[in-house]
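Asks: Please read through the structure below; I'll follow up with questions.
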Amino acid sequence: MKQRYWIVGAKTAVRWEVRRCVTCARFSSEFSKEIIAYLPAARGNPGREFLKGGRDFAGPFFIPSRHGKGVKALKLHVCVFVCFTTKAIHLEMVSDLSAQTCIAALKRFIARRRKPKEIFSDCGTNFFDTKNFLRSWELETVII
Numbered sequence: 007m008k009q010r011y012w013i014v015g016a017k018t019a020v021r022w023e024v025r026r027c028v029t030c031a032r033f034s035s036e037f038s039k040e041i042i043a044y045l046p047a048a049r050g051n052p053g054r055e056f057l058k059g060g061r062d063f064a065g066p067f068f069i070p071s072r073h074g075k076g077v078k079a080l081k082l083h084v085c086v087f088v089c090f091t092t093k094a095i096h097l098e099m100v101s102d103l104s105a106q107t108c109i110a111a112l113k114r115f116i117a118r119r120r121k122p123k124e125i126f127s128d129c130g131t132n133f134f135d136t137k138n139f140l141r142s143w144e145l146e147t148v149i150i
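Start counting the sequence shown at 7; every next residue gets the next number (our numbering).
As structure tokens, then:
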């Protein structure tokens, strides 16, 4: 047919139809070529929940102590414990960001979930006092 007839704009028409076709677009698409960083060993190895995890604070959250006019709101923070193996989270409410409340939240976490092998955290000042406290408990690794 190509030798006998010349269809004007055939290539453009075919290209347009292929682009409009959902099936053709899905099967001819390319995978993304993003460079993904390697996971830390704590994220990839299987183990019990919260054996290796991280900890951080969220907040502040303002919660009214009671209903009514002129009621002051309580300022609360949430201590978030994240399991690196299963991505589960454990939330503990704390009243402030001091080292004592940080240690109390950690004690409640350990009473509920058992003592973790490693805890990763950021460089908050309250975490350094907690680090010294955890070394007295002889935790294998505390990374801040």
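For every residue, glycine included, the Cβ atom is placed at its ideal position computed from N, Cα and C. Treat the numbers as computed from the prediction; the structure is a model and nothing was measured.
At what residues does the beta strand (DSSP E) containing V20 begin and finish?
Replies: Counting along the chain, V20 falls outside any beta strand (DSSP E), though it belongs to the alpha helix (DSSP H) covering A16 to R26.
Asks: Are the beta-carbon atoms belonging to S100 and H83 less than 8 Å from one another?
Replies: The amino acid at residue 100 is misidentified as Ser; the sequence shows Val. Their beta carbons are under 8 Å apart, which means V100 touches H83 by this criterion.
Asks: For I95, which residues from the same chain have a beta carbon less than 8 Å from its beta carbon, with the 5 sequence-adjacent residues on both sides left out?
Replies: V86, F87, V88 and C89
Asks: Determine the direct distance from the alpha carbon of R54 to that of R32, and round the result to whole angstroms.
Replies: 40 Å
Asks: Use the C-beta contact count for K81: other C-beta atoms within 10 angstroms, 16 or more gives buried, fewer gives exposed.
Replies: exposed
Asks: Given 8 Å as the limit, is there contact between the segment 119-133 and the segment 100-109, that is, 3 or more CB pairs closer than that?
Replies: yes
Asks: Excluding five sequence neighbours on each side, which residues of the same chain lie with their C-beta closer than 6 Å to the C-beta of R49?
Replies: F90
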